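Numbering (full-length UniProt numbering), first residue to last: 1 to 258.
Take a look at the structure:
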């Protein structure tokens, strides 16, 4: 089995899970080109997993269905993802190729965003779309801070070793913000150094792990004293609760410039 982060656009990854026989599952193919190119080397997609409706995640669906008419497309209940062949929601299980995924509803970035968790694939595998990024999280385009925080809590409860396959290579920029928020976090400093070394070598910083994100990602650390103190300093008072802590942290990130 291979897990391939096929690059697309400026910073997207089209995650592709490939069996030893070439059978593959593709996640969020905003561009069909990298998948079609990989097919020339023996890749045989049998299914697509879609986390949400944004164009950089679904733009290649029509071309892939044209190339493979029997391709199944598993997507949330959202009419904006018109090519879907199977609609899924929280509690559903998707069995495709050699693998089984549990569907998690994780609104916040969009109202219908879902994720796919393969608890028995290696030590666990999570395709989280744009809800969770390494050292960050997605912007709140359609959902509320409370929804996004609940979605991140859902992820944080997964086993430590779960590999986190985010849809964008944002880790270096997120590290700069995380260090501004949580400068005393030794694990974060170590992670930031590793990220810069990987990017300097032209390598992906992903997948991450749930354990690593819990230790270093400020958006998963809203209950920590360090994050609460940083938000209190911005507000000039203690935040009312963890939702306000998260909401202010997200606003801070939205306006952050290095």
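Glycine included, every Cβ here is placed at the ideal spot set by N, Cα and C. For clarity, every value in this text was computed on a predicted model and none was experimentally measured.
query, result
"Using only the alpha-carbon positions, how far apart do residue 192 and residue 69 sit?", "43 Å"
"Report yes if the C-beta distance between residue 149 and residue 246 is below 8 Å; otherwise report no.", "yes"
"What does the alpha-carbon distance come out to for the pair residue 212 and residue 162?", "10 Å"
"Verify the contact flag: residue 229, CB atom, against every heavy atom of the ligand MN, threshold strictly below 7 Å.", "Here there are no bound small molecules, and the ligand MN is not part of this structure."
"Go through its chain and collect everything with a Cβ distance to residue 147's Cβ below 7 Å, but skip five positions before and after it.", "107 and 108"
"To the nearest whole angstrom, what separates the beta carbons of residue 135 and residue 178, a pair I think is in contact under 8 Å?", "5 Å"
"Which residue comes first and which comes last in the beta strand (DSSP E) that contains residue 51?", "Residue 51 -> no beta strand (DSSP E), and no H or E assigned at all."
"Under 7 Å Cβ to Cβ from residue 12, same chain only, skipping five residues before and after it: list those, please.", "30, 56, 167 and 168"
"How should residue 237 be labelled, buried or exposed, when 16 other C-beta atoms within 10 angstroms of its C-beta is the threshold for buried?", "exposed"
"In the DSSP assignment, what are the bridge partners of residue 252?", "The partner list for residue 252 (beta bridge, DSSP) is empty, contrary to what the question assumes."
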